[in-house]
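Only one structure is covered here, and it is reproduced in the block below.
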Amino acid sequence: MDTRPTLLVIAHGSRDPRHAATVSALCARVRLLRPGLRVEVGYLDFNAPQVPRVLERLAADGIRNVVALPLLLTRAFHAKSDIPAVLRGAAARLPLLTVHQAEVLGPSFLLTGALERRLEEAGLRPADHRSTGVVLASAGSSDPEAIAVIAEIAREWRRTAQWCAVRPAFASASLPRTADAVRALRADGVKRVAVAPYVIAPGFLPDRIAAGAREARADILAPVLGDAPELARLLLRRYDQAARACTRGDMAALTA
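Those letters in the sequence shown? Residues 4 to 259, per this note's numbering, in order.
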């Protein structure tokens, strides 16, 4: 009998059908990488099934241990407050089910590797790094910790990938916007500017990032991370970390 915890991937959800399709494709890739691991998807809003319904179904199936993995790139409101509250509420109603929340996905070298993959798919060559400025465009957050993490990722990515420059930008809540970051790189004398959306799935905010890139006439616009192989590997890395912590007793179950 397989004693591994079930992996529950928690996505935000969106009215845009591309969002759920992308999440499904990513989870399908995860299943291919880890045959036999039960991988479920639950949404916080807009899409079905929502997280409490998935946990109820797992409990009815006799599952006793779940690793809940937020499909988030930064540790902001959803990871700190929203998701733990949903999980605690469900766990209180399901006393035989033990739920452990994994860490968010970022930061990770696998994510910057996926960003580079998407930029190359959009036409950028590895030899172009030193002459290219990149706008690292994220969804945005009002959480200062999340904004600081994005800025640090930009600094580290410039160093490791040897870009000419990397500037963070945000589609909401924070500044600068994508178009302004592209223009700032131009003003600094950067001849080639690429926009790398630091988002997982298409939707309203990624569309805003793309519109800003087009408005400021960026030379290259990468697609979203989507079901990039690096992202699938990262989901399993976070799952394994959480599963090991559960075994050692280092991670508190969300049952209190």
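By construction, the Cβ of each residue, glycine as well, lies at the ideal position given by its N, Cα and C atoms.
The structure displayed is predicted, hence computed values, not measured ones.
Taken through DSSP and simplified to helix, strand or coil, Gln244 comes out as helix.
Collapsing the DSSP output to three states places Ile13 in a strand. Taken through DSSP and simplified to helix, strand or coil, Phe173 comes out as strand. Nearest C-alpha to Leu239 among Leu108, Glu119, Ala142 and His103: Leu108. Counting other Cβ atoms within 10 Å of its Cβ, Asp230 reaches 16 or more and is therefore classed as buried. Excluding its 5 nearest sequence neighbours in each direction, Gly16 has C-beta neighbours in its own chain below 6 Å: Tyr46, Leu47, Asp48, Phe49 and Asn50, listed in chain order. The Cβ atoms of Val44 and Ala14 sit closer than 9 Å to each other. Out of Pro147, Leu122, Gly39 and Asp146, the CA that lies nearest to the CA of Leu139 is found in Leu122. Rounded to the nearest whole angstrom, the CA to CA distance from Ala117 to Val169 is 16 Å.
By alpha-carbon distance to Gly143, the top candidate from Tyr242, Leu75, Leu40 and Ala245 is Leu75.
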